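Worksheet: the structure to be examined is printed underneath.
Protein chains in written order, with the UniProt record's numbering: chain A, 1 to 274; chain B, 1 to 390; chain C, 1 to 284; chain D, 1 to 310; chain E, 1 to 220.
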C-alpha cells in the first residue's frame, strides 16, 4: 500500500492511495454554509465519488454511476454518527454558519476492494485537511460578516482519530476473505462491508483520553446477490473489526511519519501519477 | 439528432462547382443572401431571414437577485433552441452539439464582448436587477445559422425596451408600458457573427448555404480531407474583432483569415446599418401608431415555391442552334458571348421543347436484333456550368 | 378463454359486449362504479383523503407551509396541486420524471379547481405582502383504472374540505411568526365541483356514450386521454373538456350533461356523508 | 436546485409552519423522556421488545388491479403499497443476461413525512431501493426468467418508522401474489438502539433519536434492519447505521432473527387467504358461466320454437 | 384574402391570412394569422423514429409546442396534448405504420384565440404536407363576457375581463365536436348556445380552407 498526502495544492486536504492495483485520489474542499435547522451546532459533510472511465472499461458512459452512488452512500452512512466523526468541530457560529466539507473521491484505477481503499484515502485526506481560522465575526443585523485569516498556515487541523474505516469481507466457500482482489470479488456471491471507528491513539500520540479505545461499528451493509447464515455474519463482523483495528494502526503510523517528514524537510514529491 | 447523409455525387459536384468559380445559387464568392429583419408587435421580438434561413428571437425580462460576484450588474441569458421545425433531422427536446455550439458562440459574441451595459440593468445593488433572457428559435435551417441567429439576437436586443422602474423607499414599482414609456437597452457596440466557408484551403465563400456548409466540412468519398472548413468572425460596426472561431479541417494561413476579416468588416457595417435602419423605421411606425405584427410577413412569396426553379446555374451557352450542330462545335466556347441574365426572364433558353429533345436522340442498331437509343454523345461529357449572376 | 380472447382481439372482444348493450364489467352504459371515500387516514398530512372509484384509487394529502406572497399579488396565498402517477399504478408508466400524460392530467385537475373558484386564494393570505399559506396538495394515483380525473377531484375536494388551518400570529415589528397548531379554523370551500368522464364509442349506426369508463374502455374508445369530461359545480359548469378521439354529436352531449348533473348529486352526497362521519369521530 | 418544469411549483422560500410552533426544537433529553414512560412502556403502549407486527399488523394483497401482484402493509401508522409487474425485456441492454433482474424502486409520497418531501428521487429513496433489491435478490428464482426483469415498485404513503422493513415485507407478499417463483418467504424487521435500550420495530420518533448522536461519548446508538429467509435461515440483507459495539450488534441480531420469524405466520395467513379467495372466485365464475349457458340454451330453444312457428 | 363577403348577415370572423410552404426544410408548413394572432406550423413525416416509440398499428404523432420565450411549463404540455389529440383524430395514421409524424408549432403573436389559431394552422400545415387525413377540422374560440353575452373570436381585452372562454373544434364531415377546452364558470344554457354559434362559425373557417387550397392548387 502506498500513501501520499497533500497532493492537490488547491484543495484544503488531499490524499492519494494505491492499494495493489486500486488507485484513488481524494480531495477535500471547504465551504461556508448555513447549518440545518434541527442541528444548529453541527457542520456538514458530503461525499462525491467519481468513477473515471480510465479505471475500468465498465465505467464508460453511465456504467460507474451505480457503484459510485453505493460507495458514497456507504461513506455517508459510516460518517453519520458523532462517534465516528464529530461534526461539531465544523461549527463556526451556532445556528448561523458552519463549514461544509465536500469530499471528492476520484477512482483512477480499479483493482478490487474499492470501499476499503476509499475509506483509507478519505481518512488520510481529512487528517491533513486544514480549515482556516475565523479571525472575526461582525454582526450586522441578522447577517454575519466573517473575516477569515489570509495566511494559509494560520489554520487548524481536524480531529479525525475516530473516523471510520470500511472493511470488505468476501465470502468464498465457507471462509471470509479480507481485502479481496478483483478476482476474489468476482468469485464471491456475497460480501459484507463493515465500517469500524478508528482509535485516536494511533493518530495523536500524546492523546491521553483513555475512554474511547474500543472500536465500534458505524455501518454494516451487504452486497451481492447471495445470502448468509447469521452465524457466519456474526463471525464475519468480528473478523472485520479485527482487521480494521490493524489497518487503522498502520494508517496512523504512516500518516504520522509522513507529517514528520514534511515538517523536517522539504517534501519529497513522488510525482502526481506515478 | 438523426444523421444527414450527403451523397458523393453532391459533394463532388459542389466541390467542382466552387473550384470553377461558381455557387449553386448563382452568387459571387463574397455575396450574401438577401437579409430581412421583421419585428413583431412586442418590443424585442423579431424574425430575421437570411435567404431561406429563418430565426425568431424574443427578449424577455424579469427582476431577479444579482450574482454574488457582480452585485451591481444585470444578467444576460441566451438560450438557443433548434426544434424539428428547423429541419427534420432535429429531434424535439434534445440538445444537439449544434445547439450547444451556437449557444456558446452567441454568448461569446454578446456577453463576453460586453456590448450591453449590464450596470444600467441594476435596480437595487445586491438585491434586484433585471435579467434579460434572449430566446433564439430556429424556424428554418437553410445554412449559416450562426450569422442569422446573431443578427436576430442583436436586432431583438437593440429593439427591446424594458419597463420603467421607480423606487419608493424599500419598494420597487414596475410600471406597465401604458403607465410609463419603456426604456431601451444600452448597447455600446453592435457585434455580429459572420460565417465563411473555406474550400480547398483557399476559396472563401461568405454566407454559405446549407449544402455548402455540409460539403466544406466533410471529406471526400475516399476519406481524404478536402481542406475545407468554417470560419466564424464576430465583428462590430467599428470593424473591431470580437470573436474568431475556426472549424473543420482547413489549414488556415494568415492570409485567408485576413482576407475574411476584411470582407467581414465590410459586411458587418452593412448588416448593422440595416438593423439600425429597420429599428428606426419601426420606431417611427410605432410613434405613428401603426400596428406592427408578424402577420405582415405573410405574403404570397412562397406561392410558387414548388414550381420555381431554385437553382440559378444553367448549362453554359445553351442554345438551340448550337445543340443542333455537330458535337465538335459544342465545346468551342466563346466566353465573351453575354450570358442570359436571370432578370430578363428569358426562360425559353433553358427549356427544351420535346421536339428539340427528340432531335438530339438517335436510334441506332447496335447488336443484332437490338436497337439502342443514343442521345447525342457530345452532351454526356462534363457539362460546363455557368452562373447567371456573373 | 375469455381472457385470452380479450388479449388477442381486444377490439372485437369489446365490440361483442357493446353490441349486446352491456359493458365488459357487467355495467350498463350509464352506470357508474362504486365510490369509496375515506378522510383523514394519514396522520403526517394536515388533511387527507383516499378515494376508490371502482378500482381507480387516488390518495390526496395536503401539507401546509408558510411563505411571503408574490410581489404582484400581495394578498393572495398559494394553492399548489400536483398529481403523481407513479410507476406502480399501471404498467403503462415508467419510473422517472412525469410523463406528458401525467402533466396533462395534472393540469386538467388543477385547472378544474382553479376554474370552479372553490378556494378563494385571498383566504389563504395571513398578512398582505408578508405572509401567506402555501397549500401543497399532492395527489397520488395508486391504481389507474380509468376516469382518473373524476377520482382526483373527489379526493382533492374532500381533503380540502377537511383541512383546518392553525392560527398564526405575526408581529409586524419584529417579523416574528408564531403558530399555534391547537387552535384551528376550517378552510372555506365554496361549492363542490364534481367531474364525470365519458367515452364515446362509435358503432357504424350510432354513437354510444359510456359513463365512468375503465382504462380498458378508454383505450378502446379513441385512446387514453380522449375522454369527454364534464365538470359541474352546483348547477354551473366549470369545465367541459374533450381532446380528440371519436367526435361527439350534439344529442350525446345533451345526454352527458344530464348524466353528469345526476352524478354530481350522488357524489356530493357521498362526500357529505363521509365528512359528517368524520366530524362525529372528531367530536368523540 | 433547478425548477421542475414538469410540475407545478410553489414559492421557493416556503417553510413548514411547524418551524414556528413552540414545540419545534427539542433537546435530546427532552425527546428521550417522551419515548418511554416510567413503567418502561413506549408512547404507544408497547413494551420495548414488542413489535407492531404482533397486534397491529394489517396486510392484504390484490390491491392494485393494473398490476400483476400487489400488496399493502400497515404497521399502525406506517403504510406501504407495493406492486409487481409482468416480466419484461431488460431495456437498454446489449448482452444476454443469464439471470433475470429485479428492478426495485422505493418512493416516498410527498406527504408521507412531517416535512414536505419534494417529489424528486432523493438519496434516501435511492439507498432504500438498493437495500430492497439486495434483500429480494436471494429469494427470487432469477434463473427462471433470463434476460427479463421484474419491476417491483414500493410507495410509502405514510412513514412512521421501520419503512425499509415494511417495504421488504410488502414486496415479498406482492412477489408471491404475482406468482413470481421464490425460494422462501422473506420477512424483515428492524430495531433502534439508544444506549442500553433496544426498541423493536421503532416508530419515527424513536428512529430519529437513535440517529442523533448522544451527548455522552461511547453510548451505543443506531438502527439495524435485517431481512431473513426464515425457512432456510439465511440473512439476505443486513443494514446497520450509527455506532455500536460488537456485543450490541450480535445481541440485536438475535432479537431480529426472532422477530423475523414472528412475522412469518402473518404473511402465511395472508397468502393462504389469497389462495382460498381466488379458488372461491373461480368457483363462483364457473357457476355463473354455467348459469348463463343454461339461460342461453333456454333462449335458444325459445327461438327455435319461434322459428319453427314462423 | 379574407372571407368577409361570404356570410355577412351572421357574423364575421377576423381576417385570416395564410401562406403555405413558408419553411423550405419542412415537408409541409403554414403560417396563419387570424386577426393579430399569428402562428407558424411545420409538419415533417412520415419519417423514421426510434423503435421504442414506434407503433405497429399507426403512425406516432409527435407534437411540439414552442412558446415565444421563457421557460417550458405544464400549461404548454397541456396545449400540446390538445393539439396532438385533435390531430390524431384527423390524420389517417394507420396508413403509415411504424413511422412518426412530427408537428412543430411556434407561436408568434398572441392577441387572443391563440389556441384556435394554432389548431387551424396545424390543420393547414397537415394539408400542405400531403399526409392523408380522415377529415379537416376547424377551431373557434369564444368568450363569455361580464354580462353573459357570447363574443366570438375575442380580443385580448375581452379575454382579460371574460367570465369564461371556450374553444371548440369541429370536424368537416359530420360537423361534430372533436375537441372542447373551456376555462371559467358558465351555465349549461350558455354552453349550448356558445357551442351552436361556434358550430355555425366553423363553416367560415372551412370555406377559408377551401379558398386557400384552391389558390395553391391552381399554381401547382
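Ideal placement from N, C-alpha and C gives every residue a C-beta, glycine not left out.
On a predicted model such as this, the values are computed, not experimentally measured, just so you know.
- When Cβ-Cβ separations below 7 Å define contact, residue 141 of chain D makes no contact with chain C.
- Residue 271 of chain C sits in a helix when the DSSP states are folded into three classes.
- Under a 10 Å Cβ-count criterion, residue 22 of chain B is classified as buried, with 16 or more other Cβ atoms of the shown protein chains found around its own Cβ.
- Secondary structure at residue 115 of chain D: coil, using DSSP grouped into helix, strand and coil.
- For the options A/58, A/86, A/115 and A/67, the alpha carbon positioned closest to that of residue 126 of chain D is the one of A/67.
- Membership of residue 137 of chain C in the beta strand (DSSP E) is indicated by the continuous run 131-143.
- For residue 27 of chain A, the enclosing beta strand (DSSP E) covers residues 22-33.
- Leaving aside the five residues that flank residue 66 of chain B on each side, the residues in its chain whose CB is nearer than 6 Å to its CB run, in chain order, 129.
- A residue is called buried once 16 or more other Cβ atoms fall within 10 Å of its Cβ, and residue 99 of chain A is buried on that count.
- Put simply, the region 234-241 of chain C does not touch the region 200-209 of chain C. Fewer than three CB pairs are less than 8 Å apart.
- Residue 114 of chain B carries a coil assignment under DSSP once its states are collapsed to helix, strand and coil.
- Counting only runs that start and end inside the UniProt domain "Exoribonuclease phosphorolytic" (31-163) of chain B, the alpha helix (DSSP H) elements of at least 4 residues fall at 97-107 and 145-159.
- Contact of residue 15 of chain D with chain C by beta-carbon distance below 8 Å involves 65, 66 and 67.
- When the Cα atoms are used, residue 157 of chain A and residue 128 of chain A turn out to be separated by approximately 7 Å.
- Distance from the CA atom of residue 30 of chain B to the CA atom of residue 266 of chain B, rounded to whole angstroms, is 10 Å.
- Short of 6 Å from the beta carbon of residue 249 of chain A, and not among the five residues preceding or following it, lie these beta carbons of its own chain, in chain order: 202.
- Each of E/40, E/73, E/96 and E/159 was checked against the Cα of residue 104 of chain E, and the nearest Cα belongs to E/40.
- Around the C-beta of residue 9 of chain C, fewer than 16 other C-beta atoms lie within 10 Å, and the residue is accordingly described as exposed.
- According to the DSSP assignment, residue 101 of chain A belongs to the beta strand (DSSP E) that extends over 97-109.
- Contact between residue 153 of chain E and residue 113 of chain E holds: CB atoms are separated by about 6 Å, below the 8 Å threshold.
- Assigned with DSSP and collapsed to three states, residue 226 of chain D falls in strand.
- By the Cβ neighbour-count rule, residue 279 of chain D is exposed, with fewer than 16 other Cβ atoms within 10 Å of its own.
- The C-beta of residue 148 of chain D comes no closer than 7 Å to any C-beta of chain E.
- Taken atom to atom, the span from the alpha-carbon of residue 9 of chain D to that of residue 89 of chain C is near 23 Å.
- With a cut-off of 8 Å on Cβ pairs, the region 201-217 of chain E is not in contact with the region 252-266 of chain C, counting fewer than three such pairs.
- Not one beta carbon of chain C lies nearer than 7 Å to the beta carbon of residue 5 of chain D.
- Rounded to the nearest whole angstrom, the C-alpha separation of residue 29 of chain A and residue 117 of chain A is 20 Å.
- Chain-order list of chain E residues neighbouring residue 300 of chain B: 19, by C-beta distance under 8 Å.
- Within the same chain, Cβ atoms closer than 8 Å to the Cβ of residue 190 of chain B are found at 115, 154, 158, 236, 237, 272, 275 and 276, the five residues on either side in sequence being excluded.
- Close to residue 53 of chain C, with beta-carbon spacing below 9 Å, lies no residue of chain D; the smallest spacing is near 12 Å.
- Among the residues of the region 76-100 of chain A, those with a Cβ less than 7 Å away from any Cβ of chain D are 77, 80, 81, 82, 83 and 84, in the order of the chain.
- The beta carbon of residue 137 of chain D lies closer than 8 Å to those of 102 and 236 in the same chain, with the five residues before and after it left out.
- Annotated three-state conformation of residue 216 of chain B is helix, per DSSP.
- The residues 222 and 226, in chain order, have a CB closer than 6 Å to that of residue 245 of chain C in the same chain once the five nearest residues on each side in sequence are set aside.
- Close to residue 237 of chain D, with beta-carbon spacing below 7 Å, are these residues of chain A in chain order: 222.
- The C-beta of residue 66 of chain E comes closer than 7 Å to at least one C-beta of chain B.
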